[in-house]
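Number of protein chains: 2
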Amino acid sequence: MSEKRNPITVHQAVKTVMKWKKRGNKNVVNFSECDDGYLFDPICADHPVPPFNRSPYDGYAIRSQDTELLSSNNSIDFEVIDEIPAGHTIEKIVGKNQTVKIMTGGAIPPGADAVIMKELVSKKEGGKYITIKRKLKPGENISFKGEDVEAGTEIISKGTYINPGVKALLATFGYSKVPLVKKPIIGLIATGSELLHVHEPLAPGKIRNSNSHMVSSQIKRAGGNVNYYGQIGDDLEDLVELTQKALLECDFIITTGGVSVGDYDHLPEVYRSINAQELFNKVAMRPGSVTTVAEKEGKLLFGLSGNPSACYVGFELFVRPIIRYWNYSDSPYVRPVKAYLNKDFPKANPFTRFVRGELQYSSGDILFKPVGLDKSNAVSSLAKSDALMILPGGTRGYKKGNLVDVLLLEDQKGSEEMWDMRK
Amino acid sequence: MSEKRNPITVHQAVKTVMKWKKRGNKNVVNFSECDDGYLFDPICADHPVPPFNRSPYDGYAIRSQDTELLSSNNSIDFEVIDEIPAGHTIEKIVGKNQTVKIMTGGAIPPGADAVIMKELVSKKEGGKYITIKRKLKPGENISFKGEDVEAGTEIISKGTYINPGVKALLATFGYSKVPLVKKPIIGLIATGSELLHVHEPLAPGKIRNSNSHMVSSQIKRAGGNVNYYGQIGDDLEDLVELTQKALLECDFIITTGGVSVGDYDHLPEVYRSINAQELFNKVAMRPGSVTTVAEKEGKLLFGLSGNPSACYVGFELFVRPIIRYWNYSDSPYVRPVKAYLNKDFPKANPFTRFVRGELQYSSGDILFKPVGLDKSNAVSSLAKSDALMILPGGTRGYKKGNLVDVLLLEDQKGSEEMWDMRK
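For the protein sequence lines, the chains are A and B, in the order given. Going by the UniProt record's numbering, the residue at position 410 of the first sequence is 410; the numbering climbs one at a time, nothing skipped. Going by the UniProt record's numbering, the residue at position 191 of the second sequence is 191; the numbering climbs one at a time, nothing skipped.
Below you can see the structure in the form of structure tokens.
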């Protein structure tokens, strides 16, 4: 069980995991239930926008040719022959020196080819006539049919997350049923005999299980659904049984803990028992070096570290891209950006390190502020992090003002390309 | 009804709204239901972290004094007297030239004051003895009780959004019940006789209602709960009745549409009918100039424009800070940053404009890319926006590379200070 492990690079590890990527199936839901989903099909316009020539203001629709000679010294009275609230149309044709009162969003009546804003006319005889004293161009103040979007246009690509703007488009184009991706179901098992439940009092040598709850939130944030199988001790048979059950019921499995080389860390043996193929069991990074991934009949089994920080980083680097790809993202990888380090970070290290921190913005620059102790077992700084700085192995640390590589954690866009630490 | 309106600045408008800000009440939920909530109380550590002196590695616990003379040329054999899996403690005391095998996370046994990593020793007699040939300092490879967090420390402040890291802390410190803020209930009414339902086919002069669905998602994103009262036509009595009902059942009300100066836009009259105090009915900005806000017995009534873009911007500027403050945020305002414009934006305008777009990152710089047409009635660009550029009124537009003010839309942090366009 204590075999020698050969670390692979983060880049190789992500590449290996992504060899087993899959796309999800279609799941059509009612419009009212589509929040927080990912589009399985692109959104296409079922009608032009605007759907008809309409008025962008409250005003009066006229024929522009009737205003050709008008100026502040030369006004004409127009007869108000009708009015059009938004949502109504009329069949009357606007004739010479006639006008129709029109509300914002109202359809331009036949005959008219321009609108004058309400504020620019004066009313006469209780509104039966209005006086205009300016020249209007043909088409002035008209929002033309299809000028925003033509019918049939693909507006939003598949894989897009449904934010408020996307929701508005679905409504506009009549998607009373919305084709979503069926999110992956991810089985989650916490292992370790040191683990207490949240409600249990602390006992000597024990800690409360926090990893599975954290990972559960990470899964939801990334776009997956969680099947939680609870926390179990270090009994090998229990773990094998639960893993087999989860394999039948889920698309992927995550275990937390049980991946170190300690004698009670059974995960490698579990993989052997169920005939899963171990893809790697050591990654050249800190935290998270013991991250182990296996595959069984096309399903990935992620063995994340029992250490909270390592568990967190392992999830974001290896599991998130798999979930995003499943949901039809074209940019499944964690999004890398360059940022200026906002204070010295002198610590040298032979391993590639992922340092937690916060992005800050200042006068057009992006800054990275390392958060907290960043000891591998310090959970307190995870809550405040929205980014991870990458310190390549072998460097001597960094100075304030250095441009560093940073991965964004709270980002829906992602990256098409995997971040490559060799660059 | 067509009274003259006096526009106030965006700054004045936000300030006016925030005079009526309120904090939410406490709502204690089970740990498993706390996702997506905001903390009513700070998280405090109920125990030190680590809770006891523990081993960060798989290895052997020893007395450092026994290694004082060791080197690669001078080794000693240590007797392995016991072993400690994570989660267990032992009572045996480690004596001279004795050792206890210890797993990652295991409690340091009495007598020992250092740990040597498993990889650095050689085993003898089937593990009954190990050979050590290096000197260890007192405390070496020990994670000391409380070194990350002392008991009683406030770890996370009230008002914090529960992200995966916060969830981990709640679990670690035994929050089986979590004190959350009771989110505001926001009544939502869509008005306009031109509105069709999502499932209805398009008809002449009509459009499908998209605003209330968009705003509904914006409310959830900002941290509120929605009571949707449906869409109604332009009938004054219906609107008055529904508004009164919503006032009884909700903490705030949002209506979409009905705020223009068109004769069928009844909102000002609704406010008069129910004796609400109109705070303002015109803001010097585009889109969203007709945004109207009233107050009745301390409850705010937001009248957002029926135009999708105006509605969207009005929500983010005026409603979001009220929701965030309610949820105990210290940074309720939309977060402003400086960004470099990534292309010319020549359009001059007498009004302060909010231009939709995307943030981009490049070599440590933040760029702003305007998205789509940005016509006030173009809904298509809202879906792709994660930021709004502010163009102050009276400017002649901007050149590529100019540093511009940008408001972040998909941000949980916010800003303590309101963005001030006078600066």
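Cβ atoms here follow ideal geometry from the backbone N, Cα and C, with glycine treated the same way.
Flagged as an interface residue toward chain B: glutamine 218 (chain A), by a C-beta distance shorter than 7 Å. Where lysine 15 (chain B) is concerned, the enclosing alpha helix (DSSP H) starts and stops at 10-18. Between the stretch 224-239 of chain B and the stretch 183-192 of chain B there are three or more inter-stretch CB-CB distances shorter than 8 Å, so the stretches are counted as touching.
Relative to the Cα of isoleucine 162 (chain B), the nearest Cα in the group A:Gln218, A:Pro7, A:Val100, A:Trp419 belongs to A:Gln218. Chain-ordered, the chain A residues with CB closer than 9 Å to the CB of serine 193 (chain B) read Pro85, Ala86, Gly87, His88. When DSSP states are grouped into helix, strand and coil, glutamine 360 (chain A) belongs to the strand group.
Within 10 angstroms of the beta-carbon of aspartate 251 (chain B) lie 16 or more other beta-carbons, which makes it buried. Judged by beta-carbon spacing, lysine 133 (chain B) lies within the 7 Å limit of serine 72 (chain B), meaning their Cβ atoms are closer than that value. DSSP places glycine 165 (chain B) in the helix class (H, G or I) of the three-state scheme.
In the DSSP annotation of this structure, the continuous segment of the alpha helix (DSSP H) that includes isoleucine 322 (chain B) starts and ends at 320-326.
For serine 415 (chain A), the closest Cβ of chain B is not nearer than 7 Å. Using a Cβ distance threshold of 7 Å, isoleucine 142 (chain A) and tyrosine 60 (chain A) do not count as a contacting pair.
Scanning chain A for C-beta atoms nearer than 8 Å to the C-beta of histidine 213 (chain B) yields Phe31, Lys167, Ala168, Leu170, Ala171, reported in chain order. In the three-state DSSP reduction, methionine 214 (chain B) falls in the helix class (H, G or I). For glycine 401 (chain B), there is no enclosing alpha helix (DSSP H), as DSSP marks it with neither H nor E.
As the crow flies, the alpha-carbon of aspartate 330 (chain B) is around 19 Å from that of lysine 220 (chain B). In the DSSP assignment, proline 179 (chain A) falls within the unbroken beta strand (DSSP E) covering 177-181. Beta bridge pairing from DSSP links glutamate 269 (chain A) with no other residue. Taking 7 Å as the CB threshold, proline 164 (chain A) lines the interface with chain B.
The CB of lysine 137 (chain B) never comes closer than 7 Å to any CB in chain A; the least such distance is about 18 Å. Residue contact with chain A for glycine 205 (chain B): present (Cβ-Cβ distance below 7 Å to some residue of chain A).
The C-beta distance from serine 210 (chain B) to threonine 172 (chain A) rounds to 4 Å, short enough to meet the 8 Å contact threshold. Secondary structure note for aspartate 77 (chain B): its beta strand (DSSP E) is the uninterrupted segment 76-84. For methionine 214 (chain B), the closest of B:Ser157, B:Ser193, B:Gly306 by C-alpha to C-alpha distance is B:Gly306. Counting C-beta pairs closer than 8 Å gives fewer than three between the stretch 408-420 of chain A and the stretch 342-353 of chain A, which falls short of the contact rule.
If you check the CB distance, leucine 301 (chain A) and threonine 256 (chain A) do not come in under 7 Å.
The criterion of a C-beta distance shorter than 7 Å is not satisfied by glycine 111 (chain A) and alanine 86 (chain A). At a cut-off of 7 Å between beta-carbon atoms, serine 176 (chain B) makes contact with chain A. Methionine 418 (chain B) and aspartate 35 (chain A) have their C-alpha atoms spaced approximately 29 Å apart.
By the neighbour-count criterion, in which 16 or more other beta carbons inside 10 Å mark a residue as buried, proline 109 (chain A) falls on the buried side. Glycine 165 (chain B) sits close to leucine 382 (chain A), with the two beta carbons spaced by under 7 Å.
Residues of chain B with a Cβ closer than 8 Å to the Cβ of isoleucine 366 (chain A) are, in chain order, Tyr361, Gly364, Asp365, Ile366. Taking a beta-carbon distance threshold of 7 Å, leucine 180 (chain B) does not count as an interface residue toward chain A. Nearest neighbour of leucine 317 (chain A) by Cα position, chosen from A:Val334, A:Tyr325, A:Asn327, A:Asn25, turns out to be A:Val334.
Taking the Cα of alanine 107 (chain A) as reference, the smallest distance to any Cα among A:Ser289, A:Val121, A:Glu83 is reached at A:Glu83. Listed as beta-bridge partners of serine 71 (chain B) by DSSP are B:Asn74.
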